[in-house]
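Structure first, commentary second.
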Amino acid sequence: MAMVWEQGELFPTANETEIQRTKFLLCKFKSMTLLMSDYERFTRDMQQVSIDGEVARRVEQDELHADKAANAVILIEKQRWVYEQYLLYTGVIWRAVGLIQDDDAHRAIQHRYIEGHSFKETVMFFRHGMSNSTIRRKLSEGTGSIANSLKLMGFFEHDIKQF
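Just so you know, we're using my numbering here: the sequence shown kicks off at 4 and counts up by one.
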């Protein structure tokens with residue numbers, strides 16, 4: 004992947020857009036892992052439903068007469084593509100979370116995003132060790148660290164090319 008950094012920049016820093024994209028992906032992390040797990044366990048069932056069911060009858064809403072078999076194949080391929088994208092996203096996020104150096108930020112990110120708890124549940128979990136503002140700061144620091152790691156890995160350049 005081509006890296007677009009300023010000359011002499013050994014450790015690039017993520018910009019605000021990249022940090023927001025990272026936060027969005029972190030918020031979706033738990034649902035992505037649940038959908039991936041479901042896809043892995045029930046791939047055969049989903050394929051059979053696509054073939055037998057009405058979902059495959061029309062992939063496009065404006066089609067009046069659809070080829071059910073061809074549309075089922077398209078639907079199955081879309082499901083596989085989404086699974087592969089989620090696999091990529093969760094993999095790089097997991098690696099970036101592992102690179103967070105601040106233990107408190109790592110634990111806050113782990114509890115809030117990786118385990119999928121709400122902010123309120125995260126505050127309650129850490130209530131004896133950290134205040135609300137400290138938890139917000141640690142989540143922000145952790146998100147920034149993840150975004151910087153993703154930038155260093157070249158993730159954002161790949162993500163832009165995809166979409």
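Glycine included, every Cβ here is placed at the ideal spot set by N, Cα and C. Quick caveat: nothing in here was measured; it's all calculated off a predicted structure.
Residue i to residue j, Cα distance in whole Å?
i	j	result
K123	K141	15 Å
C30	S148	16 Å
F172	R47	This structure cannot speak to residue 172, because the chain is shown only from 4 to 166.
A99	E144	13 Å
E43	E80	14 Å
S152	V76	37 Å
S134	M39	34 Å
H131	Q82	43 Å
L78	W84	10 Å
G101	S136	23 Å
Y3	Y86	The question about residue 3 has no answer here: the residues shown for the chain are numbered 4 through 166.
F14	V126	32 Å
H120	H114	6 Å
D106	I138	12 Å
Buried or exposed for residue i, going by 16 or more other Cβ atoms inside 10 Å?
i	result
T25	buried
L37	exposed
H109	buried
L28	buried
F158	buried
F171	One cannot answer for residue 171 here, as it falls past the ends of the chain, which runs 4 to 166.
E118	exposed
E1	Because the chain is modelled from 4 through 166, residue 1 falls outside the range shown and cannot be assessed.
T16	exposed
How far does the alpha helix (DSSP H) with residue i in it reach, from first residue to last?
i	result
F129	Careful: F129 lies outside any alpha helix (DSSP H) and carries neither H nor E.
H120	Counting along the chain, H120 falls outside any alpha helix (DSSP H), and DSSP gives it neither H nor E.
D105	Segment: none, D105 is in no alpha helix (DSSP H) and carries neither H nor E.
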